[in-house]
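Residue numbers (my numbering): 195 to 680. C-beta: ideal position from N, C-alpha, C; glycine also. Since this is a predicted model, take the numbers as computed values, not measurements.
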Amino acid sequence: MRFPLRLFAAVFCTLFVLLTAWSLATPIYSVPDEASHTVRATTAARGEIVGDNKYFEAPAYLYIPGAGSCFAGQPTVTPACVGSSNASPGEQKRLITTAYTNSPVYYVVVGLPSLVFSGETAIHAMRIFSGAIVAALLAVLAALVRCWPGARWALLLPVGALTPMVFFLGGAINPNGVELASAGALLVSLLTIARHRPAGWLLWLSSVTAIVSAALVTGGRSLGMLWLLLIAVSVVLAMRGADWRYLVRRASTWVVLALLAVVGAGQLFWFTRPENQVKAQIEPTPGSLFTVAQTVLENTFSYAKQLIGLFGTVDVPAPDGVIAVWFGLLGLLVLLPIVLGRGRERWIALGFSVALVIIPVIVQVALWRQVGDVWQGRYMLAIVLVLAIWGGMALDNAEIGVGSRNTVASLRAAAVVLALGQLAAFAFTLRRYAAGSTSWTAAFFTPTWQPPGGVIPLTLAVLLALTFFVVATYRALPRLLTPVPR
(Lines of atoms letter the chains of each structure in order from A and count residues from 1; the text may use other names and numbers.)
(Lines give C-alpha, C1' and ligand atoms only; values in the text may rest on other atoms or scores of the structure.)
Protein backbone atom coordinates (compact mmCIF):
# COMPACT_ATOMS: atom_id res chain seq x y z
CA MET A 1 0.00 0.00 0.00
CA ARG A 2 1.35 3.39 -1.00
CA PHE A 3 1.10 6.58 0.99
CA PRO A 4 -1.81 8.66 -0.45
CA LEU A 5 0.44 11.61 -1.22
CA ARG A 6 -1.99 13.42 -3.53
CA LEU A 7 -4.74 13.35 -0.91
CA PHE A 8 -2.34 14.47 1.82
CA ALA A 9 -1.00 17.34 -0.29
CA ALA A 10 -4.47 18.45 -1.40
CA VAL A 11 -5.86 18.47 2.14
CA PHE A 12 -2.80 20.16 3.63
CA CYS A 13 -2.54 22.89 0.99
CA THR A 14 -6.27 23.69 1.03
CA LEU A 15 -6.43 23.87 4.82
CA PHE A 16 -3.16 25.81 5.08
CA VAL A 17 -4.38 28.51 2.67
CA LEU A 18 -7.66 28.90 4.57
CA LEU A 19 -5.96 28.93 7.97
CA THR A 20 -3.33 31.43 6.82
CA ALA A 21 -6.00 33.71 5.39
CA TRP A 22 -7.79 33.72 8.75
CA SER A 23 -4.44 34.29 10.50
CA LEU A 24 -3.79 37.44 8.50
CA ALA A 25 -7.38 38.70 8.32
CA THR A 26 -7.94 38.63 12.09
CA PRO A 27 -6.55 41.69 13.91
CA ILE A 28 -3.89 40.93 16.49
CA TYR A 29 -5.34 39.79 19.84
CA SER A 30 -8.88 39.69 18.37
CA VAL A 31 -9.13 36.05 19.41
CA PRO A 32 -10.26 34.85 22.85
CA ASP A 33 -7.32 35.16 25.29
CA GLU A 34 -4.81 35.48 22.45
CA ALA A 35 -2.72 38.09 24.26
CA SER A 36 -2.25 35.68 27.17
CA HIS A 37 -1.48 32.75 24.90
CA THR A 38 1.06 34.85 22.99
CA VAL A 39 2.90 35.83 26.17
CA ARG A 40 2.97 32.18 27.21
CA ALA A 41 4.23 31.02 23.81
CA THR A 42 7.06 33.52 23.46
CA THR A 43 8.31 32.93 26.99
CA ALA A 44 7.97 29.12 26.84
CA ALA A 45 9.99 29.03 23.63
CA ARG A 46 12.71 30.94 25.48
CA GLY A 47 12.77 28.42 28.31
CA GLU A 48 10.58 30.25 30.82
CA ILE A 49 8.19 27.39 31.51
CA VAL A 50 7.21 28.59 34.98
CA GLY A 51 6.96 32.29 35.70
CA ASP A 52 6.36 34.31 38.81
CA ASN A 53 2.81 33.08 39.27
CA LYS A 54 1.07 34.70 36.27
CA TYR A 55 3.89 37.16 35.52
CA PHE A 56 6.45 36.41 32.81
CA GLU A 57 9.40 38.29 31.31
CA ALA A 58 8.24 38.52 27.71
CA PRO A 59 9.37 40.46 24.63
CA ALA A 60 8.22 44.05 25.05
CA TYR A 61 6.82 44.20 21.52
CA LEU A 62 3.92 42.03 22.66
CA TYR A 63 2.40 45.08 24.35
CA ILE A 64 0.43 46.88 21.63
CA PRO A 65 -1.83 49.70 22.90
CA GLY A 66 -5.48 49.06 22.03
CA ALA A 67 -4.88 45.74 20.26
CA GLY A 68 -7.98 43.60 20.53
CA SER A 69 -9.74 46.09 22.79
CA CYS A 70 -10.22 49.57 21.29
CA PHE A 71 -12.73 48.28 18.73
CA ALA A 72 -14.14 45.23 20.55
CA GLY A 73 -17.90 45.32 20.92
CA GLN A 74 -18.14 48.42 18.70
CA PRO A 75 -19.25 47.31 15.22
CA THR A 76 -18.61 50.72 13.65
CA VAL A 77 -15.03 51.02 14.93
CA THR A 78 -12.21 49.35 12.99
CA PRO A 79 -8.77 48.18 14.22
CA ALA A 80 -7.32 51.40 12.82
CA CYS A 81 -7.57 52.65 16.41
CA VAL A 82 -4.82 50.24 17.49
CA GLY A 83 -1.50 51.84 18.37
CA SER A 84 1.97 50.48 17.73
CA SER A 85 4.64 49.02 19.95
CA ASN A 86 7.59 51.30 20.63
CA ALA A 87 9.72 48.50 22.05
CA SER A 88 13.36 48.39 21.04
CA PRO A 89 14.91 45.11 19.77
CA GLY A 90 15.55 42.68 22.59
CA GLU A 91 13.63 44.72 25.17
CA GLN A 92 11.79 42.68 27.82
CA LYS A 93 8.64 43.58 29.71
CA ARG A 94 6.91 41.99 32.69
CA LEU A 95 3.55 40.84 31.32
CA ILE A 96 0.59 38.89 32.65
CA THR A 97 -0.78 35.68 31.17
CA THR A 98 -3.84 33.80 32.37
CA ALA A 99 -2.56 30.71 30.51
CA TYR A 100 0.22 30.00 33.01
CA THR A 101 -1.56 26.89 34.34
CA ASN A 102 -1.82 25.35 30.87
CA SER A 103 0.62 22.68 29.78
CA PRO A 104 3.69 24.24 28.11
CA VAL A 105 3.87 21.75 25.21
CA TYR A 106 1.71 23.72 22.77
CA TYR A 107 3.36 26.99 23.70
CA VAL A 108 6.95 25.76 23.35
CA VAL A 109 6.19 24.59 19.81
CA VAL A 110 4.10 27.53 18.63
CA GLY A 111 6.46 30.08 20.16
CA LEU A 112 9.43 28.93 18.04
CA PRO A 113 8.91 31.52 15.25
CA SER A 114 9.33 34.29 17.85
CA LEU A 115 12.97 33.21 18.14
CA VAL A 116 13.47 34.25 14.51
CA PHE A 117 11.06 37.17 14.05
CA SER A 118 10.05 40.11 16.22
CA GLY A 119 7.24 42.63 16.44
CA GLU A 120 3.90 42.00 14.74
CA THR A 121 5.71 39.81 12.21
CA ALA A 122 6.51 37.37 15.01
CA ILE A 123 2.88 37.25 16.12
CA HIS A 124 1.66 36.54 12.59
CA ALA A 125 4.42 33.95 12.12
CA MET A 126 3.32 32.12 15.27
CA ARG A 127 -0.27 32.19 14.05
CA ILE A 128 0.68 30.78 10.66
CA PHE A 129 2.89 28.12 12.25
CA SER A 130 0.02 27.06 14.52
CA GLY A 131 -2.19 26.83 11.43
CA ALA A 132 0.42 24.70 9.67
CA ILE A 133 0.36 22.24 12.58
CA VAL A 134 -3.44 22.03 12.37
CA ALA A 135 -3.32 21.51 8.60
CA ALA A 136 -0.63 18.83 8.89
CA LEU A 137 -2.50 16.88 11.58
CA LEU A 138 -5.75 16.93 9.61
CA ALA A 139 -3.94 15.93 6.41
CA VAL A 140 -2.35 12.96 8.20
CA LEU A 141 -5.79 12.08 9.57
CA ALA A 142 -7.20 12.01 6.03
CA ALA A 143 -4.27 9.97 4.71
CA LEU A 144 -4.59 7.34 7.44
CA VAL A 145 -8.35 7.00 7.03
CA ARG A 146 -7.93 6.60 3.29
CA CYS A 147 -5.77 3.54 4.02
CA TRP A 148 -8.61 1.82 5.89
CA PRO A 149 -10.38 -0.86 3.83
CA GLY A 150 -13.90 0.26 2.98
CA ALA A 151 -13.48 3.78 4.38
CA ARG A 152 -15.82 6.29 2.77
CA TRP A 153 -17.95 8.16 5.28
CA ALA A 154 -15.14 8.11 7.85
CA LEU A 155 -13.29 10.35 5.40
CA LEU A 156 -16.25 12.48 4.35
CA LEU A 157 -18.11 13.14 7.60
CA PRO A 158 -15.20 14.93 9.37
CA VAL A 159 -15.29 17.61 6.66
CA GLY A 160 -18.59 18.79 8.11
CA ALA A 161 -17.03 19.03 11.58
CA LEU A 162 -14.64 21.71 10.31
CA THR A 163 -16.84 24.69 11.06
CA PRO A 164 -15.66 28.27 10.31
CA MET A 165 -14.70 28.50 13.98
CA VAL A 166 -12.09 25.79 13.41
CA PHE A 167 -10.28 27.94 10.85
CA PHE A 168 -10.57 31.07 12.97
CA LEU A 169 -9.07 29.36 16.02
CA GLY A 170 -6.67 27.17 14.07
CA GLY A 171 -5.10 30.24 12.51
CA ALA A 172 -4.63 31.98 15.85
CA ILE A 173 -2.37 31.65 18.86
CA ASN A 174 -4.82 29.56 20.85
CA PRO A 175 -4.54 25.83 21.70
CA ASN A 176 -8.17 25.19 20.72
CA GLY A 177 -7.45 24.55 17.04
CA VAL A 178 -4.47 22.26 17.61
CA GLU A 179 -6.47 20.46 20.30
CA LEU A 180 -9.21 19.63 17.80
CA ALA A 181 -6.84 18.47 15.07
CA SER A 182 -4.69 16.39 17.42
CA ALA A 183 -7.77 14.74 18.97
CA GLY A 184 -8.90 13.58 15.55
CA ALA A 185 -5.39 12.48 14.54
CA LEU A 186 -4.97 10.61 17.83
CA LEU A 187 -8.20 8.67 17.37
CA VAL A 188 -7.43 7.73 13.77
CA SER A 189 -3.83 6.71 14.50
CA LEU A 190 -4.87 4.54 17.45
CA LEU A 191 -7.59 2.88 15.37
CA THR A 192 -5.08 2.23 12.60
CA ILE A 193 -2.73 0.52 15.05
CA ALA A 194 -5.47 -1.36 16.91
CA ARG A 195 -7.66 -2.59 14.07
CA HIS A 196 -5.82 -2.47 10.76
CA ARG A 197 -2.54 -4.30 11.44
CA PRO A 198 -0.24 -1.66 9.92
CA ALA A 199 3.25 -2.45 8.68
CA GLY A 200 6.10 -0.47 7.16
CA TRP A 201 5.48 3.23 6.66
CA LEU A 202 1.87 2.93 7.86
CA LEU A 203 3.00 1.55 11.21
CA TRP A 204 5.62 4.25 11.61
CA LEU A 205 3.27 7.06 10.61
CA SER A 206 0.41 5.91 12.82
CA SER A 207 2.74 5.35 15.79
CA VAL A 208 4.46 8.73 15.52
CA THR A 209 1.12 10.46 14.93
CA ALA A 210 -0.38 8.82 18.03
CA ILE A 211 2.47 9.97 20.27
CA VAL A 212 2.70 13.50 18.86
CA SER A 213 -1.09 13.91 18.91
CA ALA A 214 -1.33 12.71 22.51
CA ALA A 215 1.25 15.31 23.52
CA LEU A 216 -0.55 18.08 21.63
CA VAL A 217 -4.14 17.25 22.63
CA THR A 218 -3.06 17.46 26.28
CA GLY A 219 -0.48 20.16 25.61
CA GLY A 220 -2.73 23.12 26.27
CA ARG A 221 -5.81 23.11 28.47
CA SER A 222 -6.41 20.51 31.16
CA LEU A 223 -9.63 19.53 29.37
CA GLY A 224 -7.38 17.78 26.86
CA MET A 225 -6.74 15.08 29.46
CA LEU A 226 -10.44 14.23 29.34
CA TRP A 227 -10.33 14.03 25.54
CA LEU A 228 -7.35 11.67 25.76
CA LEU A 229 -9.23 9.43 28.19
CA LEU A 230 -12.44 9.38 26.14
CA ILE A 231 -10.59 8.61 22.92
CA ALA A 232 -8.61 5.79 24.54
CA VAL A 233 -11.74 4.26 26.09
CA SER A 234 -13.64 4.46 22.80
CA VAL A 235 -10.85 2.65 20.93
CA VAL A 236 -10.76 -0.09 23.58
CA LEU A 237 -14.53 -0.53 23.29
CA ALA A 238 -14.27 -0.89 19.53
CA MET A 239 -11.59 -3.59 19.62
CA ARG A 240 -12.40 -7.25 19.12
CA GLY A 241 -10.73 -10.36 20.48
CA ALA A 242 -8.64 -10.85 17.33
CA ASP A 243 -7.38 -7.28 17.62
CA TRP A 244 -6.22 -7.86 21.19
CA ARG A 245 -4.46 -11.12 20.35
CA TYR A 246 -2.63 -9.49 17.46
CA LEU A 247 -1.57 -6.40 19.41
CA VAL A 248 -0.16 -8.09 22.48
CA ARG A 249 2.23 -10.13 20.32
CA ARG A 250 3.76 -7.06 18.66
CA ALA A 251 6.72 -5.29 20.24
CA SER A 252 5.68 -2.03 18.56
CA THR A 253 2.44 -2.08 20.56
CA TRP A 254 4.31 -1.99 23.85
CA VAL A 255 6.68 0.72 22.63
CA VAL A 256 3.79 2.97 21.61
CA LEU A 257 1.89 2.25 24.84
CA ALA A 258 4.98 3.04 26.92
CA LEU A 259 5.53 6.36 25.15
CA LEU A 260 1.85 7.25 25.46
CA ALA A 261 2.04 6.44 29.17
CA VAL A 262 5.05 8.74 29.53
CA VAL A 263 3.17 11.55 27.76
CA GLY A 264 0.07 11.03 29.90
CA ALA A 265 2.03 10.83 33.15
CA GLY A 266 3.99 13.95 32.32
CA GLN A 267 0.87 15.96 31.56
CA LEU A 268 -0.89 14.59 34.63
CA PHE A 269 2.06 15.70 36.75
CA TRP A 270 1.84 19.19 35.30
CA PHE A 271 -1.89 19.63 35.77
CA THR A 272 -1.86 18.26 39.33
CA ARG A 273 0.86 20.61 40.54
CA PRO A 274 -0.55 22.78 43.36
CA GLU A 275 0.47 25.90 41.42
CA ASN A 276 -1.71 24.83 38.49
CA GLN A 277 -4.93 24.15 40.35
CA VAL A 278 -8.00 26.24 39.61
CA LYS A 279 -7.70 29.50 41.53
CA ALA A 280 -10.97 30.05 43.35
CA GLN A 281 -12.54 33.47 43.65
CA ILE A 282 -12.38 35.22 47.02
CA GLU A 283 -16.15 34.88 47.31
CA PRO A 284 -17.72 31.67 45.90
CA THR A 285 -20.18 32.28 43.09
CA PRO A 286 -23.68 32.06 44.57
CA GLY A 287 -26.59 30.14 43.08
CA SER A 288 -28.12 26.70 43.01
CA LEU A 289 -26.00 24.11 41.21
CA PHE A 290 -29.21 22.51 39.97
CA THR A 291 -30.12 25.83 38.35
CA VAL A 292 -26.64 26.05 36.84
CA ALA A 293 -27.01 22.58 35.32
CA GLN A 294 -30.44 23.46 33.98
CA THR A 295 -29.16 26.70 32.44
CA VAL A 296 -26.20 25.00 30.75
CA LEU A 297 -28.48 22.29 29.38
CA GLU A 298 -30.88 24.90 28.02
CA ASN A 299 -27.95 26.72 26.39
CA THR A 300 -26.96 23.66 24.34
CA PHE A 301 -28.01 25.28 21.07
CA SER A 302 -26.35 28.55 22.03
CA TYR A 303 -23.09 26.65 22.54
CA ALA A 304 -23.64 25.02 19.14
CA LYS A 305 -23.86 28.47 17.55
CA GLN A 306 -20.62 29.42 19.27
CA LEU A 307 -18.70 26.42 17.92
CA ILE A 308 -19.97 27.21 14.43
CA GLY A 309 -18.91 30.83 14.34
CA LEU A 310 -18.39 33.45 17.04
CA PHE A 311 -15.31 35.38 16.02
CA GLY A 312 -13.25 38.22 17.43
CA THR A 313 -13.32 38.47 21.19
CA VAL A 314 -16.71 36.69 21.10
CA ASP A 315 -18.29 39.81 19.59
CA VAL A 316 -18.46 39.02 15.84
CA PRO A 317 -21.04 36.31 15.09
CA ALA A 318 -21.17 34.44 11.80
CA PRO A 319 -24.05 35.34 9.45
CA ASP A 320 -27.37 33.67 10.23
CA GLY A 321 -27.23 31.71 6.98
CA VAL A 322 -23.90 30.16 7.97
CA ILE A 323 -25.29 29.19 11.37
CA ALA A 324 -28.35 27.64 9.71
CA VAL A 325 -26.23 25.57 7.30
CA TRP A 326 -24.09 24.08 10.04
CA PHE A 327 -27.01 23.55 12.39
CA GLY A 328 -28.53 21.30 9.76
CA LEU A 329 -25.21 19.65 9.04
CA LEU A 330 -24.38 18.98 12.69
CA GLY A 331 -27.87 17.58 13.17
CA LEU A 332 -27.27 15.11 10.35
CA LEU A 333 -23.81 14.34 11.68
CA VAL A 334 -25.36 13.30 15.00
CA LEU A 335 -28.51 11.56 13.77
CA LEU A 336 -27.48 9.68 10.61
CA PRO A 337 -24.96 7.34 12.30
CA ILE A 338 -27.42 6.58 15.09
CA VAL A 339 -30.33 5.88 12.73
CA LEU A 340 -28.53 4.26 9.78
CA GLY A 341 -25.19 3.11 11.18
CA ARG A 342 -24.21 -0.37 12.28
CA GLY A 343 -21.80 -2.08 14.62
CA ARG A 344 -20.16 -0.98 17.83
CA GLU A 345 -19.22 2.27 16.15
CA ARG A 346 -22.88 3.24 16.08
CA TRP A 347 -23.15 3.04 19.86
CA ILE A 348 -19.83 4.78 20.39
CA ALA A 349 -21.07 7.61 18.16
CA LEU A 350 -24.22 7.75 20.29
CA GLY A 351 -22.04 8.01 23.39
CA PHE A 352 -20.12 10.97 21.99
CA SER A 353 -23.41 12.60 20.95
CA VAL A 354 -24.54 12.40 24.56
CA ALA A 355 -21.14 13.72 25.66
CA LEU A 356 -21.70 16.87 23.58
CA VAL A 357 -24.61 17.72 25.86
CA ILE A 358 -23.46 16.29 29.20
CA ILE A 359 -19.81 17.38 29.43
CA PRO A 360 -20.59 21.14 29.48
CA VAL A 361 -23.05 20.54 32.31
CA ILE A 362 -20.60 18.50 34.39
CA VAL A 363 -17.66 20.87 33.90
CA GLN A 364 -19.63 24.04 34.53
CA VAL A 365 -21.27 22.66 37.69
CA ALA A 366 -17.87 21.48 38.97
CA LEU A 367 -16.28 24.90 38.45
CA TRP A 368 -19.21 27.17 39.27
CA ARG A 369 -18.29 28.00 42.87
CA GLN A 370 -14.61 28.64 42.04
CA VAL A 371 -14.79 30.64 38.80
CA GLY A 372 -18.42 31.19 37.84
CA ASP A 373 -19.71 31.02 34.27
CA VAL A 374 -16.75 30.03 32.04
CA TRP A 375 -18.07 27.54 29.49
CA GLN A 376 -17.93 28.33 25.76
CA GLY A 377 -19.13 26.26 22.84
CA ARG A 378 -15.72 26.16 21.15
CA TYR A 379 -14.40 23.91 23.92
CA MET A 380 -16.29 20.96 22.38
CA LEU A 381 -14.88 21.22 18.86
CA ALA A 382 -12.57 18.26 19.47
CA ILE A 383 -15.49 16.04 20.45
CA VAL A 384 -17.44 17.09 17.36
CA LEU A 385 -14.58 15.88 15.15
CA VAL A 386 -14.21 12.63 17.11
CA LEU A 387 -17.97 12.07 16.82
CA ALA A 388 -17.79 12.63 13.06
CA ILE A 389 -15.08 9.98 12.68
CA TRP A 390 -16.98 7.37 14.70
CA GLY A 391 -20.21 8.28 12.92
CA GLY A 392 -18.53 7.87 9.56
CA MET A 393 -17.27 4.42 10.57
CA ALA A 394 -20.79 3.42 11.62
CA LEU A 395 -22.16 4.48 8.22
CA ASP A 396 -19.33 2.62 6.49
CA ASN A 397 -20.37 -0.55 8.31
CA ALA A 398 -23.84 -0.14 6.82
CA GLU A 399 -22.39 0.69 3.37
CA ILE A 400 -24.73 3.65 3.08
CA GLY A 401 -24.82 5.23 -0.38
CA VAL A 402 -22.18 2.98 -1.95
CA GLY A 403 -22.43 3.31 -5.72
CA SER A 404 -25.50 5.55 -5.47
CA ARG A 405 -25.67 8.40 -7.98
CA ASN A 406 -28.14 10.24 -5.78
CA THR A 407 -25.71 10.12 -2.87
CA VAL A 408 -22.89 11.44 -5.05
CA ALA A 409 -25.10 14.27 -6.34
CA SER A 410 -26.24 15.16 -2.82
CA LEU A 411 -22.69 15.25 -1.49
CA ARG A 412 -21.56 17.39 -4.41
CA ALA A 413 -24.30 19.88 -3.58
CA ALA A 414 -23.30 19.75 0.09
CA ALA A 415 -19.69 20.56 -0.84
CA VAL A 416 -20.86 23.69 -2.67
CA VAL A 417 -23.01 24.78 0.27
CA LEU A 418 -20.14 24.20 2.73
CA ALA A 419 -17.76 26.21 0.56
CA LEU A 420 -20.23 29.09 0.32
CA GLY A 421 -20.70 28.99 4.09
CA GLN A 422 -16.95 29.14 4.72
CA LEU A 423 -16.57 32.00 2.23
CA ALA A 424 -19.44 33.95 3.76
CA ALA A 425 -18.09 33.55 7.30
CA PHE A 426 -14.67 34.80 6.22
CA ALA A 427 -15.90 37.67 4.04
CA PHE A 428 -18.45 39.03 6.53
CA THR A 429 -15.91 38.93 9.35
CA LEU A 430 -13.24 40.64 7.27
CA ARG A 431 -15.74 43.29 6.17
CA ARG A 432 -16.52 44.12 9.79
CA TYR A 433 -12.84 44.78 10.49
CA ALA A 434 -11.98 46.50 7.21
CA ALA A 435 -14.88 48.96 7.10
CA GLY A 436 -16.70 48.68 10.40
CA SER A 437 -19.97 48.89 8.50
CA THR A 438 -22.24 46.99 6.14
CA SER A 439 -20.61 48.50 3.05
CA TRP A 440 -18.92 45.97 0.79
CA THR A 441 -17.64 48.79 -1.42
CA ALA A 442 -15.87 50.42 1.51
CA ALA A 443 -14.47 47.10 2.69
CA PHE A 444 -12.92 46.22 -0.66
CA PHE A 445 -11.96 49.60 -2.10
CA THR A 446 -11.70 52.16 0.73
CA PRO A 447 -11.04 50.18 3.92
CA THR A 448 -10.00 52.07 7.03
CA TRP A 449 -8.04 49.01 8.14
CA GLN A 450 -6.06 46.64 5.94
CA PRO A 451 -4.84 43.21 7.05
CA PRO A 452 -1.39 42.05 5.96
CA GLY A 453 -1.77 41.07 2.31
CA GLY A 454 -4.84 43.23 1.76
CA VAL A 455 -8.59 42.62 1.78
CA ILE A 456 -8.98 41.63 -1.87
CA PRO A 457 -5.97 39.26 -2.11
CA LEU A 458 -6.97 37.40 1.07
CA THR A 459 -10.57 37.05 -0.10
CA LEU A 460 -9.39 35.76 -3.47
CA ALA A 461 -7.08 33.26 -1.75
CA VAL A 462 -10.01 31.88 0.26
CA LEU A 463 -12.18 31.78 -2.86
CA LEU A 464 -9.54 29.87 -4.82
CA ALA A 465 -8.93 27.38 -1.99
CA LEU A 466 -12.65 26.69 -1.63
CA THR A 467 -13.07 26.40 -5.40
CA PHE A 468 -10.31 23.81 -5.44
CA PHE A 469 -12.06 21.96 -2.61
CA VAL A 470 -15.35 21.86 -4.53
CA VAL A 471 -13.76 20.77 -7.82
CA ALA A 472 -11.57 18.12 -6.17
CA THR A 473 -14.51 16.80 -4.15
CA TYR A 474 -16.75 16.77 -7.23
CA ARG A 475 -14.24 14.65 -9.11
CA ALA A 476 -13.27 12.37 -6.22
CA LEU A 477 -16.70 11.48 -4.82
CA PRO A 478 -17.49 8.61 -7.22
CA ARG A 479 -14.18 6.96 -6.27
CA LEU A 480 -14.54 7.70 -2.57
CA LEU A 481 -17.96 6.06 -2.46
CA THR A 482 -16.63 2.91 -4.09
CA PRO A 483 -15.62 0.50 -1.31
CA VAL A 484 -12.00 -0.55 -1.08
CA PRO A 485 -11.71 -4.37 -1.33
CA ARG A 486 -11.56 -5.84 2.15
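Where does the unbroken alpha helix (DSSP H) through A235 begin, and where does it stop?
228 to 239
Opening and closing residue of the beta strand (DSSP E) in which E251 lies
249 to 253
What does DSSP give as the partner residue(s) for Q488 in the beta ladder?
DSSP, once it has assigned bridges, lists no residue as partnering Q488.
Contact test: W541 Cβ vs the ligand COA heavy atom, cutoff 8 angstroms:
Absent from the structure shown: the ligand COA. Ligands present: none.
Under 7 angstroms Cβ to Cβ from T507, same chain only, skipping five residues before and after it: list those, please.
S224, P226, G262, A266
Can you name the residues that DSSP bridges to K499?
DSSP output for K499 lists no bridge partner at all.
Does the separation of the CB atoms of G414 and E469 fall below 9 angstroms?
no
Paired residues, beta bridge with Q286 - DSSP
P253
For A609, which residues from the same chain have a beta carbon less than 6 angstroms from its beta carbon, with the 5 sequence-adjacent residues on both sides left out?
V664, T667
Please name the residue, chosen from A452, R540, V302, T489, that lies closest to L587 on a Cα-to-Cα basis.
It is worth fixing the name first, because residue 587 is Met in this sequence and not Leu. Closest option to M587, Cα to Cα, is R540.
Out of F202, T220, L420, which has the shortest C-alpha to C-alpha gap to T653?
T220
So, at 6 angstroms on beta carbons, what are the nonlocal neighbours of I258 in its own chain, with the 5 sequence-adjacent residues on each side left out?
S279
Under 8 angstroms by Cβ, that's how I've got F622 and W584 pegged, so tell me the actual separation to the nearest angstrom.
32 angstroms between Cβ atoms; not a contact.
Residue from E492, L524, L529 whose Cα sits closest to the Cα of I552
E492
Thinking just about the alpha-carbon of each residue, which of T236, P531, Q500, L529 is nearest to the one in V516?
Q500
Continuous alpha helix (DSSP H) assignments of at least 4 residues falling wholly in the region 568 to 655:
575 to 592, 599 to 629, 634 to 639
If the criterion is Cβ atoms closer than 9 angstroms, does the pair L614 and G354 meet it?
no
Would you mind reading off the limits of the alpha helix (DSSP H) that contains N370?
369 to 389
W395: which of P269, L338, A487 sits nearest, CA to CA?
L338
Using three-state DSSP, classify P352 as helix, strand or coil.
helix
For V456 and R606, I'd like the C-alpha separation in whole angstroms.
44 angstroms
What number of angstroms, rounded off, separates the C-alpha of R625 from the C-alpha of V656?
14 angstroms
What residue range is occupied by the uninterrupted alpha helix (DSSP H) comprising Q558?
538 to 565
Alpha carbon to alpha carbon, what distance is there between I502 and T412?
23 angstroms
Using 10 angstroms around the beta-carbon of D246, count the other beta-carbons present and answer buried if the total reaches 16, otherwise exposed.
exposed
Would T357 and V555 be called neighbours here (beta carbons separated by less than 9 angstroms)?
no
Using C-beta distances below 8 angstroms, list every residue in its chain close to L397, excluding the 5 sequence neighbours before and after it, in chain order.
I387, S446
Please list the terminal residues of the continuous alpha helix (DSSP H) segment that includes F465.
445 to 465
Please look up how many angstroms separate the CB atoms of V596 and P672, rounded, as I've assumed it's under 8 angstroms.
At roughly 11 angstroms, the Cβ-Cβ gap does not stay under 8 angstroms, so V596 and P672 are not in contact.
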